[in-house]
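Novice:
Numbering (this note's numbering), first residue to last: 788 to 1285.
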(Lines of atoms letter the chains of each structure in order from A and count residues from 1; the text may use other names and numbers.)
(Lines give C-alpha, C1' and ligand atoms only; values in the text may rest on other atoms or scores of the structure.)
Protein backbone atom coordinates (compact mmCIF):
# COMPACT_ATOMS: atom_id res chain seq x y z
CA UNK A 1 0.00 0.00 0.00
CA UNK A 2 2.88 2.38 0.74
CA UNK A 3 4.33 2.11 -2.76
CA UNK A 4 0.89 2.45 -4.30
CA UNK A 5 0.12 5.57 -2.23
CA UNK A 6 3.48 7.08 -3.15
CA UNK A 7 2.82 6.44 -6.84
CA UNK A 8 -0.62 8.05 -6.54
CA UNK A 9 0.89 11.13 -4.87
CA UNK A 10 3.54 11.40 -7.60
CA UNK A 11 0.84 11.13 -10.25
CA UNK A 12 -1.18 13.80 -8.46
CA UNK A 13 1.86 16.10 -8.32
CA UNK A 14 2.40 15.69 -12.05
CA UNK A 15 -1.25 16.48 -12.75
CA UNK A 16 -1.08 19.58 -10.55
CA UNK A 17 2.08 20.73 -12.31
CA UNK A 18 0.37 20.29 -15.68
CA UNK A 19 -2.61 22.31 -14.46
CA UNK A 20 -0.29 25.01 -13.15
CA UNK A 21 1.53 25.22 -16.49
CA UNK A 22 -1.82 25.34 -18.28
CA UNK A 23 -2.97 28.21 -16.05
CA UNK A 24 0.25 30.14 -16.68
CA UNK A 25 -0.04 29.60 -20.43
CA UNK A 26 -3.68 30.63 -20.42
CA UNK A 27 -2.87 33.76 -18.43
CA UNK A 28 -0.04 34.63 -20.83
CA UNK A 29 -2.31 34.25 -23.86
CA UNK A 30 -5.53 35.68 -22.45
CA UNK A 31 -4.21 38.79 -20.65
CA UNK A 32 -3.34 40.71 -23.85
CA UNK A 33 -6.71 39.70 -25.31
CA UNK A 34 -8.50 41.09 -22.25
CA UNK A 35 -6.77 44.44 -22.70
CA UNK A 36 -7.61 44.54 -26.39
CA UNK A 37 -11.20 43.53 -25.61
CA UNK A 38 -11.66 46.31 -23.05
CA UNK A 39 -10.20 48.84 -25.47
CA UNK A 40 -12.58 47.61 -28.18
CA UNK A 41 -15.57 47.98 -25.84
CA UNK A 42 -14.55 51.56 -25.05
CA UNK A 43 -14.12 52.40 -28.73
CA UNK A 44 -17.58 51.04 -29.55
CA UNK A 45 -19.09 52.97 -26.63
CA UNK A 46 -17.47 56.15 -27.98
CA UNK A 47 -19.30 55.66 -31.27
CA UNK A 48 -22.58 55.01 -29.44
CA UNK A 49 -22.04 58.15 -27.33
CA UNK A 50 -21.57 60.23 -30.48
CA UNK A 51 -24.73 58.78 -32.01
CA UNK A 52 -26.74 59.59 -28.89
CA UNK A 53 -25.28 63.11 -28.67
CA UNK A 54 -26.23 63.99 -32.26
CA UNK A 55 -29.63 62.28 -32.19
CA UNK A 56 -31.37 62.46 -35.58
CA UNK A 57 -28.75 64.62 -37.28
CA UNK A 58 -28.11 63.55 -40.91
CA UNK A 59 -24.37 63.43 -40.22
CA UNK A 60 -24.66 61.15 -37.20
CA UNK A 61 -22.96 58.21 -38.92
CA UNK A 62 -19.97 60.30 -40.01
CA UNK A 63 -19.53 61.76 -36.53
CA UNK A 64 -19.84 58.29 -34.96
CA UNK A 65 -17.02 57.06 -37.20
CA UNK A 66 -14.96 60.07 -36.13
CA UNK A 67 -15.66 59.29 -32.46
CA UNK A 68 -14.52 55.69 -32.92
CA UNK A 69 -11.28 56.87 -34.55
CA UNK A 70 -10.70 59.54 -31.87
CA UNK A 71 -11.20 56.96 -29.11
CA UNK A 72 -8.74 54.63 -30.83
CA UNK A 73 -6.17 57.45 -31.09
CA UNK A 74 -6.70 58.49 -27.45
CA UNK A 75 -6.00 54.94 -26.26
CA UNK A 76 -2.80 54.90 -28.30
CA UNK A 77 -1.74 58.30 -26.94
CA UNK A 78 -2.18 57.07 -23.37
CA UNK A 79 -0.22 53.89 -24.09
CA UNK A 80 2.65 55.63 -25.88
CA UNK A 81 3.11 58.87 -23.96
CA UNK A 82 2.88 57.56 -20.38
CA UNK A 83 6.54 56.54 -20.71
CA UNK A 84 7.51 60.23 -20.78
CA UNK A 85 6.30 60.90 -17.26
CA UNK A 86 6.50 57.60 -15.41
CA UNK A 87 9.38 55.83 -17.16
CA UNK A 88 12.21 57.57 -15.26
CA UNK A 89 10.44 57.21 -11.90
CA UNK A 90 9.84 53.48 -12.40
CA UNK A 91 13.35 52.95 -13.75
CA UNK A 92 14.82 54.63 -10.68
CA UNK A 93 12.84 52.41 -8.32
CA UNK A 94 11.08 55.42 -6.81
CA UNK A 95 7.67 53.89 -7.51
CA UNK A 96 6.34 50.50 -8.57
CA UNK A 97 4.95 49.92 -12.05
CA UNK A 98 1.44 49.30 -10.70
CA UNK A 99 1.45 52.48 -8.61
CA UNK A 100 2.84 54.44 -11.56
CA UNK A 101 0.02 53.23 -13.81
CA UNK A 102 -2.65 54.16 -11.25
CA UNK A 103 -1.22 57.62 -10.56
CA UNK A 104 -0.64 58.32 -14.25
CA UNK A 105 -4.17 57.24 -15.17
CA UNK A 106 -5.73 59.50 -12.54
CA UNK A 107 -3.48 62.46 -13.35
CA UNK A 108 -3.91 62.13 -17.13
CA UNK A 109 -7.70 61.96 -16.77
CA UNK A 110 -7.83 64.94 -14.40
CA UNK A 111 -5.63 67.02 -16.67
CA UNK A 112 -7.66 66.15 -19.76
CA UNK A 113 -11.02 66.94 -18.12
CA UNK A 114 -9.91 70.09 -16.27
CA UNK A 115 -7.49 71.60 -18.73
CA UNK A 116 -8.25 69.95 -22.06
CA UNK A 117 -11.84 70.91 -22.87
CA UNK A 118 -11.65 74.67 -23.29
CA UNK A 119 -10.54 75.57 -26.81
CA UNK A 120 -8.88 73.53 -29.55
CA UNK A 121 -8.01 74.96 -32.99
CA UNK A 122 -8.99 72.86 -35.98
CA UNK A 123 -5.79 73.54 -37.91
CA UNK A 124 -3.00 75.83 -36.75
CA UNK A 125 -3.03 79.16 -38.59
CA UNK A 126 0.76 79.09 -38.44
CA UNK A 127 1.17 75.74 -40.18
CA UNK A 128 -1.31 76.17 -43.05
CA UNK A 129 -3.08 79.12 -44.59
CA UNK A 130 -6.53 79.77 -43.07
CA UNK A 131 -8.43 79.37 -46.35
CA UNK A 132 -6.63 76.19 -47.38
CA UNK A 133 -9.65 73.92 -47.01
CA UNK A 134 -12.62 75.44 -48.77
CA UNK A 135 -15.53 73.24 -47.68
CA UNK A 136 -16.85 71.38 -44.68
CA UNK A 137 -16.71 68.14 -46.68
CA UNK A 138 -12.99 68.52 -47.32
CA UNK A 139 -12.39 69.42 -43.67
CA UNK A 140 -14.27 66.39 -42.38
CA UNK A 141 -12.42 64.06 -44.75
CA UNK A 142 -9.12 65.66 -43.73
CA UNK A 143 -9.77 65.17 -40.02
CA UNK A 144 -10.98 61.57 -40.48
CA UNK A 145 -7.86 60.81 -42.52
CA UNK A 146 -5.66 62.46 -39.90
CA UNK A 147 -7.23 60.39 -37.12
CA UNK A 148 -6.84 57.13 -39.05
CA UNK A 149 -3.22 57.78 -40.00
CA UNK A 150 -2.01 59.14 -36.65
CA UNK A 151 -3.72 56.38 -34.66
CA UNK A 152 -2.33 53.57 -36.81
CA UNK A 153 1.18 55.02 -36.69
CA UNK A 154 1.18 55.51 -32.91
CA UNK A 155 -0.29 52.00 -32.51
CA UNK A 156 2.52 50.57 -34.63
CA UNK A 157 5.18 52.52 -32.72
CA UNK A 158 3.80 51.30 -29.39
CA UNK A 159 3.80 47.71 -30.66
CA UNK A 160 7.48 47.84 -31.69
CA UNK A 161 8.44 49.72 -28.51
CA UNK A 162 9.40 53.10 -30.01
CA UNK A 163 8.19 56.13 -28.00
CA UNK A 164 7.30 58.39 -30.93
CA UNK A 165 5.51 61.71 -30.59
CA UNK A 166 1.73 61.71 -30.90
CA UNK A 167 1.88 65.46 -31.52
CA UNK A 168 4.23 64.92 -34.46
CA UNK A 169 1.99 62.15 -35.75
CA UNK A 170 -1.08 64.39 -35.73
CA UNK A 171 0.81 67.33 -37.28
CA UNK A 172 2.19 65.04 -39.97
CA UNK A 173 -1.26 63.68 -40.71
CA UNK A 174 -2.84 67.14 -40.97
CA UNK A 175 0.05 68.28 -43.16
CA UNK A 176 -0.41 65.29 -45.45
CA UNK A 177 -4.15 65.72 -45.94
CA UNK A 178 -3.74 69.48 -46.48
CA UNK A 179 -1.19 68.94 -49.25
CA UNK A 180 -3.36 66.22 -50.79
CA UNK A 181 -6.45 68.45 -50.75
CA UNK A 182 -4.98 71.85 -51.65
CA UNK A 183 -1.33 71.38 -52.64
CA UNK A 184 1.90 72.70 -51.13
CA UNK A 185 0.72 76.26 -51.61
CA UNK A 186 -1.57 75.76 -48.62
CA UNK A 187 1.39 75.08 -46.32
CA UNK A 188 3.33 77.83 -44.57
CA UNK A 189 6.76 76.43 -45.43
CA UNK A 190 8.89 78.88 -43.38
CA UNK A 191 6.85 78.12 -40.27
CA UNK A 192 7.01 74.40 -40.99
CA UNK A 193 10.79 74.69 -41.21
CA UNK A 194 10.96 76.53 -37.89
CA UNK A 195 8.78 73.94 -36.17
CA UNK A 196 10.85 71.09 -37.63
CA UNK A 197 14.05 72.78 -36.42
CA UNK A 198 12.60 73.06 -32.93
CA UNK A 199 11.80 69.35 -33.01
CA UNK A 200 15.45 68.56 -33.80
CA UNK A 201 16.88 70.96 -31.23
CA UNK A 202 14.51 70.05 -28.37
CA UNK A 203 15.94 66.57 -27.56
CA UNK A 204 19.50 67.95 -27.66
CA UNK A 205 18.54 70.86 -25.43
CA UNK A 206 16.75 68.52 -23.01
CA UNK A 207 19.82 66.28 -22.89
CA UNK A 208 22.11 69.26 -22.21
CA UNK A 209 19.91 70.59 -19.39
CA UNK A 210 19.67 67.13 -17.80
CA UNK A 211 23.46 66.74 -17.86
CA UNK A 212 23.98 70.21 -16.37
CA UNK A 213 21.54 69.40 -13.57
CA UNK A 214 23.32 66.11 -12.88
CA UNK A 215 26.67 67.90 -12.70
CA UNK A 216 25.15 70.48 -10.35
CA UNK A 217 23.69 67.80 -8.05
CA UNK A 218 26.99 65.95 -7.93
CA UNK A 219 28.95 69.14 -7.31
CA UNK A 220 26.65 70.37 -4.54
CA UNK A 221 25.65 67.09 -2.87
CA UNK A 222 27.02 63.69 -3.86
CA UNK A 223 30.69 64.67 -4.22
CA UNK A 224 30.82 66.68 -1.00
CA UNK A 225 32.66 65.36 2.02
CA UNK A 226 29.58 65.88 4.19
CA UNK A 227 26.81 64.61 1.92
CA UNK A 228 24.18 64.75 4.64
CA UNK A 229 24.60 68.46 5.33
CA UNK A 230 24.79 69.22 1.62
CA UNK A 231 21.60 67.28 0.94
CA UNK A 232 19.84 69.04 3.78
CA UNK A 233 20.63 72.40 2.16
CA UNK A 234 20.07 71.62 -1.51
CA UNK A 235 17.34 68.97 -1.83
CA UNK A 236 14.61 71.41 -0.71
CA UNK A 237 15.95 73.94 -3.24
CA UNK A 238 15.81 71.46 -6.13
CA UNK A 239 12.38 70.15 -5.12
CA UNK A 240 10.89 73.61 -4.61
CA UNK A 241 12.28 74.74 -7.96
CA UNK A 242 10.47 71.81 -9.55
CA UNK A 243 7.23 73.01 -7.99
CA UNK A 244 7.84 76.48 -9.42
CA UNK A 245 8.52 75.09 -12.88
CA UNK A 246 5.27 73.15 -12.90
CA UNK A 247 3.42 76.21 -11.63
CA UNK A 248 4.68 78.07 -14.71
CA UNK A 249 3.63 75.21 -16.96
CA UNK A 250 0.11 75.01 -15.54
CA UNK A 251 -0.33 78.78 -15.64
CA UNK A 252 0.58 78.71 -19.33
CA UNK A 253 -1.52 75.69 -20.30
CA UNK A 254 -4.68 75.63 -18.17
CA UNK A 255 -7.79 77.35 -19.56
CA UNK A 256 -9.14 80.71 -18.42
CA UNK A 257 -12.03 79.39 -16.35
CA UNK A 258 -9.66 77.32 -14.19
CA UNK A 259 -7.26 80.24 -13.67
CA UNK A 260 -9.93 82.88 -13.01
CA UNK A 261 -8.91 83.25 -9.31
CA UNK A 262 -5.29 83.92 -10.35
CA UNK A 263 -5.87 86.28 -13.27
CA UNK A 264 -8.52 88.80 -12.34
CA UNK A 265 -9.02 89.86 -15.96
CA UNK A 266 -10.54 86.82 -17.77
CA UNK A 267 -8.76 85.91 -20.96
CA UNK A 268 -5.73 88.08 -20.14
CA UNK A 269 -2.59 86.64 -18.57
CA UNK A 270 -0.08 89.40 -17.74
CA UNK A 271 3.48 88.29 -18.43
CA UNK A 272 4.63 89.51 -15.03
CA UNK A 273 2.01 87.56 -13.08
CA UNK A 274 3.21 84.10 -14.05
CA UNK A 275 6.78 84.39 -12.66
CA UNK A 276 5.48 86.12 -9.51
CA UNK A 277 3.06 83.26 -8.80
CA UNK A 278 5.77 80.71 -9.63
CA UNK A 279 8.24 82.34 -7.21
CA UNK A 280 5.57 82.42 -4.49
CA UNK A 281 4.81 78.72 -4.96
CA UNK A 282 8.53 77.93 -4.97
CA UNK A 283 9.00 79.76 -1.67
CA UNK A 284 6.02 78.03 -0.05
CA UNK A 285 7.22 74.64 -1.28
CA UNK A 286 10.70 75.30 0.10
CA UNK A 287 9.34 76.22 3.53
CA UNK A 288 7.21 73.08 3.56
CA UNK A 289 10.02 70.79 2.40
CA UNK A 290 12.79 71.93 4.75
CA UNK A 291 11.42 70.13 7.86
CA UNK A 292 10.49 67.07 5.79
CA UNK A 293 14.01 66.74 4.37
CA UNK A 294 15.58 67.32 7.78
CA UNK A 295 13.50 64.49 9.22
CA UNK A 296 14.59 62.19 6.38
CA UNK A 297 18.23 63.20 6.67
CA UNK A 298 18.39 62.23 10.35
CA UNK A 299 17.74 58.61 9.39
CA UNK A 300 20.33 58.45 6.59
CA UNK A 301 23.90 57.20 6.59
CA UNK A 302 26.50 59.61 5.14
CA UNK A 303 26.97 58.10 1.68
CA UNK A 304 25.52 58.68 -1.76
CA UNK A 305 23.47 55.49 -1.89
CA UNK A 306 21.18 56.68 0.88
CA UNK A 307 21.19 60.34 -0.15
CA UNK A 308 19.61 59.25 -3.43
CA UNK A 309 16.46 58.26 -1.57
CA UNK A 310 15.82 61.91 -0.74
CA UNK A 311 15.01 62.50 -4.41
CA UNK A 312 12.27 59.86 -4.58
CA UNK A 313 9.38 61.98 -3.31
CA UNK A 314 10.10 65.02 -5.53
CA UNK A 315 10.64 62.67 -8.47
CA UNK A 316 7.26 60.96 -8.03
CA UNK A 317 5.57 64.33 -7.50
CA UNK A 318 7.16 65.66 -10.68
CA UNK A 319 6.01 62.59 -12.61
CA UNK A 320 2.41 62.98 -11.43
CA UNK A 321 2.34 66.69 -12.23
CA UNK A 322 3.82 66.07 -15.66
CA UNK A 323 1.11 63.45 -16.29
CA UNK A 324 -1.52 66.06 -15.41
CA UNK A 325 0.05 68.60 -17.77
CA UNK A 326 0.33 65.98 -20.51
CA UNK A 327 -3.34 65.08 -20.18
CA UNK A 328 -4.34 68.73 -20.38
CA UNK A 329 -2.15 69.34 -23.43
CA UNK A 330 -2.21 66.18 -25.55
CA UNK A 331 -5.89 65.27 -25.25
CA UNK A 332 -6.32 67.85 -28.04
CA UNK A 333 -4.55 65.46 -30.42
CA UNK A 334 -7.60 63.20 -30.29
CA UNK A 335 -10.36 65.61 -29.23
CA UNK A 336 -9.44 68.41 -31.64
CA UNK A 337 -10.00 66.54 -34.92
CA UNK A 338 -13.21 64.98 -33.56
CA UNK A 339 -14.52 68.39 -32.48
CA UNK A 340 -13.71 69.72 -35.96
CA UNK A 341 -15.74 66.91 -37.49
CA UNK A 342 -18.67 67.66 -35.18
CA UNK A 343 -18.64 71.40 -35.97
CA UNK A 344 -17.98 71.08 -39.71
CA UNK A 345 -20.63 68.40 -40.25
CA UNK A 346 -23.18 70.71 -38.64
CA UNK A 347 -22.14 73.94 -40.38
CA UNK A 348 -21.29 72.66 -43.83
CA UNK A 349 -18.40 75.07 -44.36
CA UNK A 350 -14.82 75.59 -43.30
CA UNK A 351 -15.19 78.97 -41.70
CA UNK A 352 -14.17 77.56 -38.36
CA UNK A 353 -10.68 77.00 -39.72
CA UNK A 354 -9.97 80.67 -39.11
CA UNK A 355 -10.92 80.54 -35.45
CA UNK A 356 -10.80 78.32 -32.40
CA UNK A 357 -13.87 76.56 -31.09
CA UNK A 358 -15.16 75.04 -27.89
CA UNK A 359 -14.81 71.27 -27.56
CA UNK A 360 -18.10 69.57 -26.57
CA UNK A 361 -17.95 67.90 -23.16
CA UNK A 362 -18.63 64.42 -24.53
CA UNK A 363 -15.75 64.83 -27.01
CA UNK A 364 -13.35 65.83 -24.20
CA UNK A 365 -14.60 62.87 -22.13
CA UNK A 366 -13.80 60.43 -24.95
CA UNK A 367 -10.28 61.83 -25.14
CA UNK A 368 -9.78 61.79 -21.36
CA UNK A 369 -11.00 58.27 -20.70
CA UNK A 370 -9.20 56.99 -23.78
CA UNK A 371 -5.94 58.33 -22.32
CA UNK A 372 -6.67 56.63 -19.01
CA UNK A 373 -7.48 53.28 -20.63
CA UNK A 374 -4.36 53.38 -22.78
CA UNK A 375 -2.18 54.09 -19.74
CA UNK A 376 -3.59 51.20 -17.71
CA UNK A 377 -3.85 48.56 -20.43
CA UNK A 378 -0.88 49.19 -22.70
CA UNK A 379 1.49 51.57 -20.86
CA UNK A 380 3.87 49.13 -19.10
CA UNK A 381 5.92 48.19 -22.16
CA UNK A 382 7.18 51.68 -22.98
CA UNK A 383 7.53 52.58 -19.29
CA UNK A 384 10.01 49.71 -18.98
CA UNK A 385 11.90 50.85 -22.10
CA UNK A 386 12.32 54.49 -21.07
CA UNK A 387 12.84 53.58 -17.41
CA UNK A 388 15.12 50.56 -17.65
CA UNK A 389 16.17 49.46 -21.12
CA UNK A 390 17.78 52.63 -22.56
CA UNK A 391 20.14 53.27 -19.64
CA UNK A 392 20.25 52.68 -15.90
CA UNK A 393 18.54 55.36 -13.84
CA UNK A 394 18.48 56.16 -10.13
CA UNK A 395 16.35 58.78 -8.34
CA UNK A 396 18.94 61.53 -8.84
CA UNK A 397 19.34 60.93 -12.58
CA UNK A 398 15.60 60.53 -13.01
CA UNK A 399 14.97 63.79 -11.19
CA UNK A 400 17.37 65.50 -13.61
CA UNK A 401 15.41 64.02 -16.54
CA UNK A 402 12.06 65.21 -15.14
CA UNK A 403 13.35 68.68 -14.32
CA UNK A 404 15.00 69.02 -17.73
CA UNK A 405 11.82 67.99 -19.52
CA UNK A 406 9.75 70.46 -17.51
CA UNK A 407 12.16 73.34 -18.10
CA UNK A 408 12.42 72.68 -21.84
CA UNK A 409 8.66 72.40 -22.36
CA UNK A 410 8.01 75.57 -20.33
CA UNK A 411 10.62 77.49 -22.31
CA UNK A 412 9.04 76.33 -25.57
CA UNK A 413 5.63 77.44 -24.31
CA UNK A 414 6.98 80.92 -23.65
CA UNK A 415 8.40 80.98 -27.21
CA UNK A 416 5.22 79.59 -28.75
CA UNK A 417 6.92 76.50 -30.23
CA UNK A 418 5.01 73.17 -30.33
CA UNK A 419 7.42 70.68 -28.74
CA UNK A 420 6.94 67.01 -27.98
CA UNK A 421 7.35 65.86 -24.39
CA UNK A 422 8.30 62.45 -25.79
CA UNK A 423 11.34 63.81 -27.61
CA UNK A 424 12.48 65.98 -24.73
CA UNK A 425 12.13 63.24 -22.09
CA UNK A 426 13.81 60.52 -24.14
CA UNK A 427 16.51 62.96 -25.24
CA UNK A 428 17.23 63.75 -21.59
CA UNK A 429 17.50 60.04 -20.76
CA UNK A 430 19.94 59.51 -23.63
CA UNK A 431 21.92 62.56 -22.56
CA UNK A 432 22.38 61.21 -19.03
CA UNK A 433 23.45 57.82 -20.37
CA UNK A 434 26.00 59.14 -22.86
CA UNK A 435 27.39 61.59 -20.28
CA UNK A 436 27.99 58.74 -17.84
CA UNK A 437 29.78 56.78 -20.58
CA UNK A 438 32.00 59.79 -21.25
CA UNK A 439 32.78 60.19 -17.54
CA UNK A 440 33.69 56.51 -17.22
CA UNK A 441 36.12 56.75 -20.13
CA UNK A 442 37.68 59.88 -18.66
CA UNK A 443 38.02 58.22 -15.27
CA UNK A 444 39.77 55.17 -16.74
CA UNK A 445 42.20 57.41 -18.60
CA UNK A 446 42.83 59.48 -15.49
CA UNK A 447 43.70 56.36 -13.54
CA UNK A 448 45.98 55.17 -16.37
CA UNK A 449 43.98 51.96 -16.76
CA UNK A 450 44.35 51.70 -20.50
CA UNK A 451 43.80 48.02 -20.98
CA UNK A 452 43.05 46.66 -24.44
CA UNK A 453 39.56 45.24 -24.26
CA UNK A 454 37.88 42.75 -26.52
CA UNK A 455 34.93 44.14 -28.55
CA UNK A 456 32.40 42.31 -26.37
CA UNK A 457 33.99 43.85 -23.24
CA UNK A 458 33.81 47.34 -24.72
CA UNK A 459 30.16 46.72 -25.56
CA UNK A 460 29.45 45.72 -21.96
CA UNK A 461 30.99 48.99 -20.75
CA UNK A 462 28.47 51.00 -22.75
CA UNK A 463 25.77 52.48 -20.56
CA UNK A 464 23.33 53.25 -23.41
CA UNK A 465 21.89 50.39 -25.44
CA UNK A 466 22.67 51.24 -29.06
CA UNK A 467 19.89 49.05 -30.44
CA UNK A 468 17.22 51.07 -28.62
CA UNK A 469 18.95 54.31 -29.53
CA UNK A 470 18.97 53.51 -33.26
CA UNK A 471 15.39 52.22 -33.25
CA UNK A 472 14.07 55.34 -31.54
CA UNK A 473 16.10 57.66 -33.80
CA UNK A 474 14.72 56.00 -36.93
CA UNK A 475 11.16 56.19 -35.59
CA UNK A 476 11.59 59.89 -34.82
CA UNK A 477 12.97 60.73 -38.27
CA UNK A 478 10.28 58.97 -40.28
CA UNK A 479 7.21 59.82 -38.15
CA UNK A 480 6.10 63.03 -39.89
CA UNK A 481 6.81 61.99 -43.52
CA UNK A 482 5.40 58.49 -43.04
CA UNK A 483 2.18 59.68 -41.43
CA UNK A 484 1.85 62.55 -43.93
CA UNK A 485 2.15 60.24 -46.94
CA UNK A 486 -0.24 57.71 -45.47
CA UNK A 487 -2.77 60.41 -44.53
CA UNK A 488 -2.57 61.91 -48.02
CA UNK A 489 -3.36 58.53 -49.52
CA UNK A 490 -6.24 57.92 -47.15
CA UNK A 491 -7.74 61.35 -47.81
CA UNK A 492 -7.43 60.85 -51.56
CA UNK A 493 -9.36 57.60 -51.35
CA UNK A 494 -12.03 59.08 -49.06
CA UNK A 495 -12.49 62.18 -51.24
CA UNK A 496 -13.02 59.88 -54.21
CA UNK A 497 -15.80 57.91 -52.51
CA UNK A 498 -17.37 60.39 -50.05
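Note that CB positions come from ideal geometry on N, CA and C, so glycine has one too.
Values in this document were obtained by computation on a predicted structure and should not be read as measured data.
1) Have a look at residue 951 and residue 963 and give me their C-alpha separation to the nearest angstrom.
2) For the structure I just gave you, are there three or more beta carbon pairs, one from the segment 1071-1090 and one from the segment 1180-1200, closer than 8 Å?
3) Is residue 974 helix, strand or coil when you go by DSSP?
4) According to the neighbour-count rule (16 or more other Cβ atoms, all chains shown, within 10 Å of its Cβ), is residue 1099 buried or exposed?
5) Which residue marks the beginning of the alpha helix (DSSP H) containing residue 969, and which one marks its end?
6) Three-state secondary structure (DSSP) at residue 1010?
7) By DSSP, does residue 1152 sit in helix, in strand, or in coil?
8) Could you give the distance in angstroms between the alpha-carbon of residue 961 and the alpha-carbon of residue 986?
9) Compute the Euclidean distance between the alpha carbons of residue 935 and residue 1270, then round it to the nearest angstrom.
10) Below 8 Å on the Cβ atoms is my contact criterion, and I expect residue 954 with residue 1120 to pass it. Report the Cβ-Cβ distance as a whole number of Å.
11) What does the Cβ neighbour count give for residue 1019, buried or exposed, with the cut at 16 atoms within 10 Å?
12) Compare the C-alpha of residue 1014 against each of 831, 978, 1081, 1035 and name the closest.
13) Hey, quick one: how far does the alpha helix (DSSP H) through residue 1118 stretch, first residue to last?
14) Which full runs of the alpha helix (DSSP H) of 4+ residues lie inside the segment 842-892, going along the chain?
15) How big is the Cα-Cα spacing for residue 1222 and residue 998?
16) Determine the direct distance from the alpha carbon of residue 855 to that of residue 833, and round the result to whole angstroms.
17) Considering only residues of the same chain and omitting the five flanking positions on each side of residue 840, which have a CB-CB separation below 6 Å?
18) Where residue 1276 and residue 1164 are concerned, what is the direct C-alpha to C-alpha distance, given to the nearest angstrom?
19) Pop quiz: residue 957 and residue 853 are said to be a contact at Cβ under 8 Å. What is the actual Cβ separation, rounded to whole angstroms?
20) Hey, could you find the ends of the alpha helix (DSSP H) residue 1067 is sitting in?
21) Since residue 1211 and residue 993 should fall inside the 8 Å C-beta cutoff, what is the C-beta to C-beta distance between them, to a whole number of angstroms?
22) Cα-Cα, which of 1213, 1231, 1031, 1262 is closest to residue 874?
23) What residues in its chain sit with their C-beta under 8 Å from that of residue 1272, if we drop five residues either side in the sequence?
24) Look at the Cβ atom of residue 1166, then the Cβ atom of residue 866, and state whether they are nearer than 7 Å.
25) What residues in its chain sit with their C-beta under 8 Å from that of residue 1022, if we drop five residues either side in the sequence?
26) To the nearest angstrom, report how far apart residue 1011 and residue 868 are at their CA atoms.
27) With burial defined as no fewer than 16 other Cβ atoms inside 10 Å of the residue's Cβ, what is the status of residue 910: buried or exposed?
28) Consult DSSP for residue 1319 and reduce its assignment to one of helix, strand or coil.
29) Work out the CA separation of residue 1131 and residue 886 for me, nearest whole Å.
30) Please look up how many angstroms separate the CB atoms of residue 1185 and residue 881, rounded, as I've assumed it's under 8 Å.
31) Can you tell me which of 846, 1283, 1260 puts its alpha carbon nearest to the alpha carbon of residue 944?
32) Give me the Cα-Cα distance between residue 1196 and residue 857, rounded to the nearest whole angstrom.
Specialist: A quick look at the data gives this:
1) 18 Å
2) no
3) strand
4) buried
5) 953-969
6) coil
7) helix
8) 17 Å
9) 10 Å
10) 6 Å
11) buried
12) 1081
13) No alpha helix (DSSP H) contains residue 1118, which DSSP labels as neither H nor E.
14) 847-878
15) 7 Å
16) 6 Å
17) 1149
18) 31 Å
19) Contact flag wrong, Cβ pair sits at about 14 Å.
20) 1060-1085
21) 4 Å
22) 1213
23) 963
24) yes
25) 1008, 1076, 1080, 1097, 1098, 1101
26) 37 Å
27) Confidence at residue 910 is low in this model, with a pLDDT of 39, below 50, so its placement is unreliable and no value can be given for it.
28) Residue 1319 lies beyond the residue range present for the chain, which begins at 788 and ends at 1285; the question has no answer from this structure.
29) 41 Å
30) 7 Å
31) 1260
32) 25 Å
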